[in-house]
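Read the structure below first, then the notes.
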Amino acid sequence: MIQLKGRQAGALKCVIPADMSERQMIDGFSKLLSMGSRLFEGSEIVIDLQTRVFSPSLLSKIWKCFIEPSGCCVKEWIVSDEHSRTWLDRMGFRTAETDRLYARREAPHSAGASAETLVHAGTVRGGQKLAHGGDVIVMGNVNRGAEISAAGNVTVIGRLDGLVHAGCGGDDGKAIIARSLETGQIRIGTKVGIIDSSSVFWGKSVFIKISENEVQVAPWPAL
Numbered sequence: 260m261i262q263l264k265g266r267q268a269g270a271l272k273c274v275i276p277a278d279m280s281e282r283q284m285i286d287g288f289s290k291l292l293s294m295g296s297r298l299f300e301g302s303e304i305v306i307d308l309q310t311r312v313f314s315p316s317l318l319s320k321i322w323k324c325f326i327e328p329s330g331c332c333v334k335e336w337i338v339s340d341e342h343s344r345t346w347l348d349r350m351g352f353r354t355a356e357t358d359r360l361y362a363r364r365e366a367p368h369s370a371g372a373s374a375e376t377l378v379h380a381g382t383v384r385g386g387q388k389l390a391h392g393g394d395v396i397v398m399g400n401v402n403r404g405a406e407i408s409a410a411g412n413v414t415v416i417g418r419l420d421g422l423v424h425a426g427c428g429g430d431d432g433k434a435i436i437a438r439s440l441e442t443g444q445i446r447i448g449t450k451v452g453i454i455d456s457s458s459v460f461w462g463k464s465v466f467i468k469i470s471e472n473e474v475q476v477a478p479w480p481a482l
């Protein structure tokens, strides 16, 4: 029979024995729903397939006979079969293994290390959006309608006419450098700066940072 275990990290764990046939599995889910459908509605569920070989058709059956009618949300899939894990990864589903992989990838950042600098060689055109977890350097112009969001600093070795947000995670200690400032708004951390085209800094090389809780623009040597 399908085993339902207590909540782990806020989620119920549903264990499907590997030796259970698909017919038995469907009957088992029907029994769970008849016993307490309200228990699952809106709840997060961890589905443990154990050594069962997974396939997209199996997922479809689990969806139709349990996930959809119960109103639950699958937080994670647990599989020990390598082929099954590959299927789930290819379909974009979270597994315990992929969570561990992402945790390892993100560990350096959580320890305080910054992401590598993103260098964009060329113009960022209107409608384009760049987002990065570290510093961003644009070797070209940022046209009107373009957007750049960086957790770190942003340097534009060209004309800045689009929207740039440095320290987009809320870090007011970041800065923006531009060879030619031609945009009416910039953002750093939690602050927004408005620049008028009549400003003495318009069209000039600038260094922009937060000082005394305000956005300040200063001249920067020509790049």
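Following this note's numbering, the numbering of the sequence shown begins with 260 at its first residue and continues without gaps.
Just so you know, even glycine gets a beta-carbon here, dropped at the ideal spot from N, CA and C.
Can you list, in chain order, the residues of its chain whose CB lies under 6 Å from that of residue i, leaving out five sequence neighbours each side?
i           : result
residue 458 : none
residue 336 : 306, 347, 352, 354
residue 362 : Model confidence at residue 362 stands at a pLDDT of 48, short of 50, so the residue's coordinates are unreliable; what they give is reported in the following sentence. Answer for residue 362: no residue qualifies.
residue 423 : 407, 413, 435, 445
residue 309 : 277
Kindly identify the DSSP beta-bridge partner or partners of residue i.
i           : result
residue 414 : 396, 436
residue 431 : Answer by DSSP bridge pairing: none, since residue 431 is not bridged.
residue 467 : 435, 476
Quick check on this structure: which residue in the options has the alpha carbon closest to the alpha carbon of residue i?
i           : options            : result
residue 393 : 375, 462, 387, 380 : 375
residue 431 : 386, 385, 473, 343 : 473
residue 384 : 466, 421, 322      : 421
residue 286 : 334, 315, 320, 478 : 320
residue 261 : 284, 322, 280      : 284
residue 302 : 282, 322, 312, 270 : 270
residue 463 : 341, 440, 343      : 440
residue 324 : 401, 281, 404      : 281
residue 404 : 311, 386, 326      : 386
Quick one: residues in its chain with C-beta nearer than 8 Å to the C-beta of residue i, no 5 flanking neighbours on either side, listed in chain order?
i           : result
residue 443 : 453, 454, 455, 456
residue 379 : 389, 395, 396, 397, 398, 399
residue 368 : Confidence at residue 368 is low in this model, with a pLDDT of 45, below 50, so the placement of that residue should be treated as unreliable; the coordinate-derived value is given next. Same-chain partners within the cutoff: 374, 392.
Between residue i and chain D, is any beta-carbon pair separated by less than 8 Å?
i           : result
residue 388 : This model lacks chain D altogether; it includes just one protein chain.
Are there 16 or more other CB atoms within 10 angstroms of the CB of residue i, so buried, or fewer, so exposed?
i           : result
residue 470 : exposed
residue 278 : exposed
residue 298 : exposed
residue 365 : Because the pLDDT of residue 365 is 47, which lies under 50, any placement of that residue in the model is unreliable, and the number read from its coordinates should be weighed accordingly. Exposed: under 16 other Cβ atoms inside 10 Å.
residue 338 : buried
residue 451 : exposed
Residues in the same chain with beta-carbon distance under 7 Å from residue i, minus the five sequence neighbours each way, listed in chain order, please.
i           : result
residue 433 : 411, 412, 425, 426, 447, 448
residue 491 : The requested residue 491 is not part of the displayed model; the chain covers only 260 to 482.
residue 429 : 448, 449
residue 329 : 292, 296, 299, 300
residue 466 : 434, 436, 477, 479
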